[in-house]
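Engineer: Quick one: the structure is below, and I'll ask about it shortly.
Numbering (my numbering), first residue to last: 91 to 259.
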């Protein structure tokens, strides 16, 4: 791997890495991505993000623990090298322990295509039932979003595109 943006696809099969590497080398990745995903979603507020997430949760995971918060987070990518986080926050209220599930989505995805946002939300929702990235977790992700694996790769390419655009600016 020669170009630094290729770090986002480490671990993918060689043929995928080589294809993306060719697009990067020929300065074609941004154009290819923008042709593939010409539209960006319009979910900008945290209220809209919460409603979007709850619609997916209610469609696929009605019987899971409630969500207390879904927010855009500007620090996730920098700190955790993640695109989203599911947190389980426990607080003591009097003599009771209250637990809250929260989802945080990397702020960079405010400008992403809707399918990539959906993939991230599905991923974080799946953590309500499956804490680990195991077979059951990915089966649940694919149940909620049949194109999950392709969209996960495309989300990584989106990160590459954002970095390339930033370097060009």
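Where is the CB? At the ideal position from N, CA and C, for every residue including glycine.
Just to confirm, does residue 196 get its C-beta within under 7 Å of one of the non-hydrogen atoms of the ligand NAD?
Structural biologist: Absent from the structure shown: the ligand NAD. Ligands present: none.
Engineer: Do the CB positions of residue 157 and residue 191 come within less than 8 Å of each other?
Structural biologist: Here residue 157 corresponds to residue number 67 of the chain shown, with the count starting at 1. Here residue 191 corresponds to residue number 101 of the chain shown, with the count starting at 1. Yes; because the gap between Cβ atoms is below 8 Å, this pair is in contact.
Engineer: When burial is assigned at 16 or more other CB atoms within 10 Å of the CB, is residue 126 buried or exposed?
Structural biologist: Position 36 of the chain shown, counted from the first residue, corresponds to residue 126. Per the 10 Å Cβ criterion, exposed.
Engineer: Could you tell me which residues DSSP puts in a beta bridge with residue 265?
Structural biologist: Given a span of 91 to 259 for the chain in the structure shown, any question on residue 265 remains unanswerable.
Engineer: Do you know offhand how far residue 207's Cα is from residue 162's?
Structural biologist: Numbered from 1 along the chain shown, position 117 holds the residue referred to as residue 207. Numbered from 1 along the chain shown, position 72 holds the residue referred to as residue 162. So the two alpha carbons sit approximately 11 Å from each other.
Engineer: Residues in its own chain within less than 7 Å of residue 120 by CB, not counting five upstream and five downstream?
Structural biologist: Numbered from its first residue, the chain shown carries residue 120 at position 30. Cβ within range, chain order: 251, 254 and 255.
Engineer: Tell me whether the beta-carbon of residue 93 lies closer than 8 Å to the beta-carbon of residue 150.
Structural biologist: As a first step, residue 93 is located in the chain shown; it is residue number 3 there, counting from the start. As a first step, residue 150 is located in the chain shown; it is residue number 60 there, counting from the start. Against a cut-off of 8 Å, the Cβ pair of residue 150 and residue 93 comes out as no contact.
Engineer: Output the distance between the C-alpha atoms of residue 131 and residue 148, rounded to the nearest integer angstrom.
Structural biologist: Your numbering for residue 131 matches position 41 in the chain shown. Your numbering for residue 148 matches position 58 in the chain shown. In a straight line, the C-alpha of residue 131 is about 20 Å away from that of residue 148.
Engineer: If the criterion is Cβ atoms closer than 8 Å, does the pair residue 299 and residue 193 meet it?
Structural biologist: Outside the shown range of the chain, which is 91 to 259, sits residue 299, and nothing can be said about it.
Engineer: Could you round the C-beta distance between residue 210 and residue 198 to whole angstroms and report it? I think they count as a contact, below 8 Å.
Structural biologist: Within the chain shown, the letter at position 120 stands for residue 210. Within the chain shown, the letter at position 108 stands for residue 198. Their Cβ separation, rounded to whole angstroms, is 11 Å, which puts residue 210 and residue 198 out of contact at 8 Å.
Engineer: Decide if residue 235 is buried, meaning its Cβ has at least 16 other Cβ atoms within 10 Å, or exposed.
Structural biologist: Counting from 1 along the chain shown, the entry for residue 235 is found at position 145. Buried, since its Cβ has 16 or more Cβ neighbours within 10 Å.
Engineer: Would you kindly report the start and end of the unbroken alpha helix (DSSP H) that includes residue 98?
Structural biologist: For the purposes of this step, residue 98 is identified with residue 8 of the chain shown, where counting begins at 1. No alpha helix (DSSP H) contains residue 98, which DSSP labels as neither H nor E.
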